[in-house]
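Numbering (this note's numbering), first residue to last: 827 to 1060. No residue lacks a Cβ here, since even glycine has one placed at the ideal position from N, Cα and C. What follows is one structure encoded as structure tokens, with my remarks underneath.
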């Protein structure tokens, strides 16, 4: 896939402008899993938001935490109440100003929404481009000078599928009620048949023993394992 940087460079060459190649801050993958992460906006550090991981913001956040090529970024929630998204203010200390700003591209198309409101999919190519711009009177009301971009981040999205939990088929040995009365019963442990204990009837052991009396052919009681359901031990 041809990156925004290459497109910008070729465009500049065709009109005879010797544009410099933008400085690369990051070029790599971001592995994402469904879920959320906590984000604290730089302009409002007393609040926090739970942001969907499978968004442009999720990919940017994951890339920023890369072990080898990590970077810093900040975003404001000044317009969150209006648009439900954040405003990217800087990456690696490179801040927006009146002439240049950070722009988000998804698969070489400028993102339709602010940071965190753009959903991404597997193999999507995200580009964060710092470039000069001018406001216009026609939609999209802004003209980005990609040919003269000075900084770039390129992130390829990899979405990891959740592993399905293996279904366990339990064999039901007993499902019923038992009637208990206050008192005790005598229990002889299997590992020490010469001893005996008086056990309270109104206990888990008492309930198990009562069920055992009714369905003795289906139960085995030992001091090391008391099994009510196959595979479940206390």
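Considering Cα atoms alone, identify which of 899, 1035, 861 and 952 is closest to residue 919. 899
By a C-beta neighbour count over all protein chains shown, 10 Å radius and 16 as the cutoff for buried, is residue 1017 buried or exposed? exposed
Neighbourhood of residue 883 by C-beta distance below 6 Å, restricted to the same chain and skipping five residues each side: 877, 941 and 942
Taking residue 890 as part of the alpha helix (DSSP H), name the residues at either end of that continuous run. 882-890
Cα-Cα separation, residue 962 to residue 969: 7 Å
Give the single residue among 857, 932 and 916 whose Cα lies nearest to the Cα of residue 977. 916
Under 9 Å, do residue 979 and residue 850 count as touching if we go by C-beta distance? yes
Under the rule that 16 or more other beta-carbon atoms within 10 Å means buried, what is residue 890, buried or exposed? buried
Sort out for me which residues DSSP pairs residue 955 with in a bridge. 929 and 978
Continuous beta strand (DSSP E) stretch holding residue 854: start and end: 849-858
How many whole angstroms separate the CB atoms of residue 854 and residue 903, which I take to be in contact at a CB cut-off of 8 Å? The Cβ separation is near 27 Å, so there is no contact.
Bridge partners of residue 1003, per DSSP? The partner list for residue 1003 (beta bridge, DSSP) is empty, contrary to what the question assumes.
Comparing alpha-carbon positions, which option in 1021, 1024, 1004 and 995 lies nearest residue 1038? 1004
So what does DSSP say about residue 846, is it helix, strand or coil? coil
With respect to the beta strand (DSSP E) encompassing residue 875, which residues constitute its N-terminal and C-terminal limits? 875-878
Which class does residue 994 belong to by DSSP, given the choice of helix, strand or coil? coil
If I measure Cβ to Cβ from residue 927 and keep anything under 8 Å in the same chain, skipping five residues before and after, which residues do I get? 956, 957 and 959
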